Amino acid sequence: MKKILITGSSKGIGFALAKKLLKNNKVYGTCRNGIIDISNPNFKSFALDLTNPKSIDDFEKTIKREKINFDLIINNAGIGPDLDQELPEIETLKSTFDVNVFGTVILTEKMLDFLNPKGKILIISSKMGSLNICKLSNSVAYRMSKTAINMYAKTLSNRLEGKFEVAILHPGWVKTTIAKSNINGRLTTGQSAEKIYDFLGNNFKNGIFWNVETNSECEW
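Position one of the sequence shown corresponds to residue -19 (the numbering used here), numbered consecutively onward.
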């Protein structure tokens, strides 16, 4: 039974993924208030606010105190307040980067000490962070944040080569509450979670950027 950390697991893809992975693993889920509607002896929830450095520090102390190690870390938490909006706004840029980039990077670096040998790190990102396929002008903060976290994950994979494996995933166009347009998403959260689960069941190339919806590599 593997031990898995999933951030942002109170709803959406993170919630569906936590339930899916609980079939044969022990899952540790996080969200801002620590309240996650999952009742299972192999599930434990923690409060974690990625915008708050103290919250990240407190979470690290808790993991250390409880002597928890992970086989897999899934950085799923993310926000998109400017999705579908045309013009960038300074506050939206700040809030988006606080969660999608700064908090995620700081947490990941702290959790490396708790990752078991040959452990894996998944970054749930988006093909909206791809420079090669960007043809639109909206969602500036969200796109920028995903480009930034993709680069972090790529450099992390280079640094950890031979020790841990890192993958960046586009979860598909999923029906979630992150944006109004997502009501038209092609995948349910359960379907996306199933595809991520299948991806985890196969060996993957360290540093890969993978689209689980099309089962193919994403362009950078």
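For each residue, glycine too, the CB sits at the ideal point set by N, CA and C.
Only a predicted model underlies this, so the values are computations on that prediction, with no experimental measurement involved.
Counting along the chain, the unbroken alpha helix (DSSP H) around D178 starts and ends at T169 to L180. Relative to the Cα of G60, the nearest Cα in the group T(-13), T156, Q171 and D51 belongs to T156.
A Cβ-Cβ distance of about 6 Å is found for the pair F39 and F26, placing them in contact under the 8 Å criterion. The beta carbons of V120 and P151 sit no closer together than 9 Å. Apart from sequence neighbours up to five positions away, the residues of its chain that approach G99 with a beta-carbon distance below 6 Å are D51 and F144, ordered along the chain. Secondary structure note for D38: it is in no beta strand (DSSP E), and the uninterrupted alpha helix (DSSP H) holding it is P33 to R45. In this structure, L(-15) sits near Y8, with a CB-CB distance shorter than 9 Å.
The continuous alpha helix (DSSP H) containing N138 extends over residues V120 to R139. According to DSSP, residue pairing for T10 in a beta bridge involves F26. Around the CB of N130, 16 or more other CB atoms lie within 10 Å, so the residue is classed as buried.
In this structure, T88 is the residue among N5, T88, S125 and E197 with its C-alpha nearest to the C-alpha of P33. 9 Å or more divides the Cβ of L(-3) from the Cβ of I148.
Here M(-19) has N4, N5, K6 and N22 as same chain residues with Cβ atoms under 8 Å from its own Cβ, once five neighbours each way along the sequence are excluded. In the DSSP assignment, E89 falls within the unbroken alpha helix (DSSP H) covering T84 to M91.
Where F189 is concerned, the enclosing beta strand (DSSP E) starts and stops at I188 to N191.
Annotation: the continuous alpha helix (DSSP H) that includes K(-1) extends over G(-8) to L1. Collapsing the DSSP output to three states places K107 in a helix. Judged by DSSP in its simplified three-state form, L67 adopts coil rather than helix or strand. Cβ-Cβ distances below 8 Å link F77 to A121, M124, S125 and A128 in the same chain, with the five nearest sequence neighbours on each side left out; the list follows chain order. Residue pairing from DSSP places I53 in a beta bridge opposite L(-15) and I101. Contact between C11 and G(-8) does not hold, since their C-beta atoms are separated by about 10 Å, which reaches or exceeds 8 Å.
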